[in-house]
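K.L.:
Chains as they are written, first to last, in the numbering used here: chain E, 521 to 807; chain S, 68 to 225.
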Amino acid sequence: MRYKDYYSPNSLKEAEQLLKELDGPVTLLAGGTDIMVYAREDDRYQDHHIINIYGLPELQGIELKDDCIRIGAGVTHSEIEQSPIIQKYATVLADGCRTVGSLQIRNHATLAGNICNASPAADSLAPLAVLDAKVEVLRDGEMVLMPLYDVIVKPYRTSLSDRDLVTAVIVRRLPEDEITCFYKLGRRKALAISRMTITYVAHKADDGTVDDFNITAGAIFPRPMTFPDINEKLLGKKPDETILEDVARALGNKIPEITGIRKSTAYKQPVCSNLAARILKEKLLEV
Amino acid sequence: MKKEITFRLNRKDYTIEVDPGARMIDVLRDQLNLRGTKEGCGVGECGACTVVIDGKAVTSCLVSAAQMDGRDIMTVEGLSETEIGSILQKCFIQYGAVQCGYCTPGMLMSAYALLLHNDNPTREEIRDAIAGNLCRCTGYVQILDSIEKARDEYLAKA
Chain E
521 MRYKDYYSPN
531 SLKEAEQLLK
541 ELDGPVTLLA
551 GGTDIMVYAR
561 EDDRYQDHHI
571 INIYGLPELQ
581 GIELKDDCIR
591 IGAGVTHSEI
601 EQSPIIQKYA
611 TVLADGCRTV
621 GSLQIRNHAT
631 LAGNICNASP
641 AADSLAPLAV
651 LDAKVEVLRD
661 GEMVLMPLYD
671 VIVKPYRTSL
681 SDRDLVTAVI
691 VRRLPEDEIT
701 CFYKLGRRKA
711 LAISRMTITY
721 VAHKADDGTV
731 DDFNITAGAI
741 FPRPMTFPDI
751 NEKLLGKKPD
761 ETILEDVARA
771 LGNKIPEITG
781 IRKSTAYKQP
791 VCSNLAARIL
801 KEKLLEV
Chain S
68 MKKEITFRLN
78 RKDYTIEVDP
88 GARMIDVLRD
98 QLNLRGTKEG
108 CGVGECGACT
118 VVIDGKAVTS
128 CLVSAAQMDG
138 RDIMTVEGLS
148 ETEIGSILQK
158 CFIQYGAVQC
168 GYCTPGMLMS
178 AYALLLHNDN
188 PTREEIRDAI
198 AGNLCRCTGY
208 VQILDSIEKA
218 RDEYLAKA
């Protein structure tokens with residue numbers, strides 16, 4: 521890797537100081553599983569100060585709060601997958617993280633890195649979207665909380681500057697009896713870049729009506745998004761086949777609506793609707 | 068640019084100067100002359116360069132040299148000194164898990180990391196553990212069999 525300078529600060533304070541003092545472009549290196557690949561392609565980092573923030577103690581740990589979960593920016597996909605807190609209160613994120621890359625990559629790559637790389641096919645993004653994720657950013661000495669939607673603006677582009685340091689990702693804490701689903705469509709079982717993922721969270725009240733619902737698809741849209749108009753179709757109702765098929769169709773219809781009609785639409789739109797219908801019925805219809 | 072880093076490698080302590088932005092696999096192979104770790108794809112897809120860092124399997128082509136600092140590293144060269152490792156190596160040979168051999172060091176390291184944390188994995192868990200390691204010769208069956216045999220032998224000893 522060609523670079524201008526390389527720093528390994530020992531604390532968040534030191535990293536912050538470096539961000540303030542250095543002149544010229546900065547690249548923050550966490551796990552580096554994307555950056556090390558880009559660095560092979562060309563010398564795009566040759567004028568950059570590299571700041572290695574991997575393993576900074578302030579960026580570790582998963583904390584359970586009253587209504588949310590705070591995931592440190594340095595937490596790896598494997599740690600999320602294995603975290604009892606995530607497994608219990610945000611299962612869908614553990615399921616998404618489990619399908620990222622290979623075990624070797626999940627052991628090293630961080631969730632915040634997955635966000636900052638902003639690949640539309642990143643498997644963690646759809647689960648984060650349905651969990652109303654917010655990104656905690658250290659900007660000019662202050663902590664700012666930004667919705668994930670505002671962080672990722674389009675494929676491989678974020679609204680963060682090179683002086684912004686992501687310190688944590690905050691997601692909803694779901695009730696223990698929340699129904700969640702993450703489905704991945706890839707070309708093979710392991711190590712596949714997603715063609716499409718479909719994710720939802722749903723909760724049924726005692727009378728069987730749905731009082732919480734959020735659905736989205738991954739690897740389809742330019743940025744992680746959710747759709748209140750689709751969620752409305754199910755909220756307050758008892759799920760039946762007609763409603764679920766309507767929800768699934770509406771999700772598929774978002775593809776041409778948002779990305780425009782492309783060659784792939786003929787495949788993606790029906791596949792998205794059919795898969796969504798299948799996984800919604802599987803878990804939400806009374807048996 | 069050079070930076071001094073200190074780490075444990077195959078149960079020995081090292082302090083060396085490295086280019087902090089170099090790839091870990093290059094430090095191992097070119098600087099330390101440990102050429103057991105192989106490079107296949109260089110982008111984290113094939114698993115040939117798998118090493119174990121702090122008990123976890125990681126592809127060393129994606130690790131920056133500075134990130135070796137302070138860590139406890141095991142490569143295929145250190146495996147025969149460990150109980151799990153030497154059983155794995157013996158079983159790989161005995162049950163035909165090695166054909167061309169290029170994926171073997173990575174396979175062994177992934178299997179070693181699995182058995183470190185789980186001394187009685189199911190075949191499914193073994194499959195998951197080596198899902199990030201490609202082998203184009205064996206079709207994986209002999210590798211899975213060998214790891215199962217190693218598991219049984221290790222359990223019998225413990």
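Even for Gly, the Cβ is constructed at its ideal location relative to N, Cα and C.
Only a predicted model underlies this, so the values are computations on that prediction, with no experimental measurement involved.
Mind listing which residues of the stretch 600-634 of chain E have their C-beta closer than 7 angstroms to chain S's C-betas, in chain order?
P.N.:
Residues passing the 7 angstroms Cβ filter: Gly-621, Ser-622, Leu-623, Gln-624, Ile-625, Asn-627, His-628.
K.L.:
For Ser-642/E, which residues of its own chain have a beta-carbon under 6 angstroms away from its beta-carbon, when the five flanking residues on both sides are left out?
P.N.:
Contrary to the premise, residue 642/E reads as Ala rather than Ser in this sequence. Around Ala-642/E: Asn-634.
K.L.:
Could you tell me the alpha carbon to alpha carbon distance between Asp-853/E and Gly-621/E, rounded to whole angstroms?
P.N.:
Only positions 521 to 807 of chain E appear in this structure, which leaves residue 853/E out of reach.
K.L.:
Is the CB of Val-94/S under 8 angstroms away from at least one CB in chain E?
P.N.:
It does not: the Cβ of Val-94/S has no partner Cβ on chain E nearer than 8 angstroms.
K.L.:
Mind checking whether Thr-779/E and Pro-748/E have CB atoms under 8 angstroms apart?
P.N.:
No, Cβ-Cβ distance for Thr-779/E and Pro-748/E is not below 8 angstroms.
K.L.:
Starting from Ile-193/S, follow the alpha helix (DSSP H) in both directions and report where the run begins and ends.
P.N.:
Note, Ile-193/S: alpha helix (DSSP H), 190-196.
K.L.:
For a cutoff of 8 angstroms on Cβ pairs, would you count Ala-710/E as touching chain S?
P.N.:
With 8 angstroms as the cut-off, Ala-710/E counts as an interface residue toward chain S.
K.L.:
Which one of Pro-647/E, Asp-682/E, Asp-731/E, Arg-659/E has the shortest CA to CA distance from Tyr-669/E?
P.N.:
For the residues Pro-647/E, Asp-682/E, Asp-731/E, Arg-659/E, the minimum Cα distance to Tyr-669/E belongs to Pro-647/E.
K.L.:
Flag this pair as yes or no: are the beta carbons of Ile-750/E and Ala-770/E separated by less than 8 angstroms?
P.N.:
The answer is yes: Cβ separation under 8 angstroms.
K.L.:
What does Arg-560/E touch in chain S if you count any residue whose Cβ is under 8 angstroms from its own?
P.N.:
The contacting residues are Gly-109, Val-110.
K.L.:
By the three-class DSSP mapping on this structure, what secondary structure does Lys-757/E have?
P.N.:
In this structure, Lys-757/E counts as coil in the three-state DSSP scheme.
K.L.:
In chain order, what residues of the stretch 545-570 of chain E put their CB closer than 7 angstroms to some CB of chain S?
P.N.:
The residues in question are Leu-549, Gly-552, Thr-553, Met-556, Val-557, Arg-560, Ile-570.
K.L.:
In this structure, does DSSP put Val-556/E in helix, strand or coil?
P.N.:
Sequence check: residue 556/E is Met here, not Val. Residue state, collapsed to three classes: helix.
K.L.:
Let me know the secondary structure DSSP gives Phe-741/E once reduced to three states.
P.N.:
Coil at Phe-741/E, not helix or strand.
K.L.:
Report the residues of the stretch 663-679 of chain E with a CB closer than 7 angstroms to any CB of chain S, ordered along the chain.
P.N.:
Those would be none; no residue qualifies.
K.L.:
For the stretch 528-542 of chain E, enumerate the residues whose C-beta is nearer than 9 angstroms to any C-beta of chain S, in chain order.
P.N.:
For the stretch 528-542 of chain E, which is checked against every Cβ of chain S, the residues closer than 9 angstroms are Ser-528.
K.L.:
Rounded to the nearest angstrom, what separates Cys-113/S and Glu-192/S at their Cα positions?
P.N.:
C-alpha separation (whole angstroms): 19 angstroms.
K.L.:
Mind listing which residues of the stretch 159-192 of chain S have their C-beta closer than 8 angstroms to chain E's C-betas, in chain order?
P.N.:
Listed by position, the residues of the stretch 159-192 of chain S near chain E (Cβ gap below 8 angstroms) are Ser-177.
K.L.:
Within 10 Å of its beta-carbon, does His-184/S have 16 or more other beta-carbons around it, so buried, or fewer, so exposed?
P.N.:
With fewer than 16 other Cβ atoms within 10 Å, it is exposed.
K.L.:
Taking the alpha carbon of Arg-90/S as the point to measure from, which residue in Val-546/E, Asp-543/E, Lys-788/E, Gly-551/E has its own alpha carbon closest?
P.N.:
Nearest C-alpha to Arg-90/S: Gly-551/E.
K.L.:
Could you give the DSSP three-state label for Pro-667/E: helix, strand or coil?
P.N.:
Pro-667/E falls in the strand class under three-state DSSP.
K.L.:
Cutting at 6 angstroms between CB atoms, please list the residues of its own chain near Val-94/S, excluding the five before and the five after it.
P.N.:
Correct list, in chain order: Val-85, Ala-132.
K.L.:
Can you grab the Cα-Cα spacing for the pair Leu-146/S / Asp-587/E, in whole Å?
P.N.:
Distance between the alpha carbons of Leu-146/S and Asp-587/E is about 46 angstroms.
K.L.:
Do Val-664/E and Val-673/E have their beta-carbon atoms positioned less than 8 angstroms apart in this structure?
P.N.:
In this structure, Val-664/E does not lie closer than 8 angstroms to Val-673/E by Cβ.
K.L.:
Looking at chain E, is there any beta carbon in it that lies within less than 8 angstroms of the beta carbon of Val-130/S?
P.N.:
Yes, contact with chain E.
K.L.:
In the structure shown, what three-state DSSP assignment does Arg-138/S receive?
P.N.:
Coil.
K.L.:
Report yes if the CB atom of Ala-593/E is closer than 8 angstroms to the CB atom of Ala-629/E, and no otherwise.
P.N.:
Contact flag unset, no.
K.L.:
If contacts are defined as beta-carbon pairs under 8 angstroms, then Ile-606/E and Ile-582/E qualify, I think. What distance do you get, rounded to the angstrom?
P.N.:
Between Ile-582/E and Ile-606/E the Cβ distance is about 6 angstroms, and since that is below 8 angstroms, they are a contact.
K.L.:
So, is the C-beta of Tyr-703/E closer than 8 angstroms to a C-beta in chain S?
P.N.:
No, its Cβ sits nowhere closer than 8 angstroms to a Cβ of chain S.
K.L.:
If you draw a straight line from the C-alpha of Ala-164/S to the C-alpha of Arg-218/S, how long is it?
P.N.:
Whole-angstrom Cα-Cα distance: 15 angstroms.
K.L.:
Can you pull the chain S neighbours of Met-481/E, defined as C-beta to C-beta under 8 angstroms?
P.N.:
In this structure chain E extends from 521 to 807, so residue 481/E is not present and cannot be described.
K.L.:
From Leu-680/E to Gln-537/E, what does the alpha carbon distance come to, in whole angstroms?
P.N.:
The straight-line gap from Cα to Cα measures roughly 18 angstroms.
K.L.:
Buried or exposed for Val-208/S, going by 16 or more other Cβ atoms inside 10 Å?
P.N.:
When all chains shown are included, Val-208/S counts as exposed.
K.L.:
How far does the alpha helix (DSSP H) with Thr-785/E in it extend, from its first residue to its last?
P.N.:
That run of the alpha helix (DSSP H) goes 785-804.
K.L.:
Are there 16 or more other CB atoms within 10 angstroms of the CB of Ile-735/E, so buried, or fewer, so exposed?
P.N.:
Under this definition Ile-735/E is a buried residue.
K.L.:
Can you give the Cα-Cα distance for Glu-144/S and Cys-792/E, rounded to whole angstroms?
P.N.:
Roughly 48 angstroms separates the two Cα atoms.
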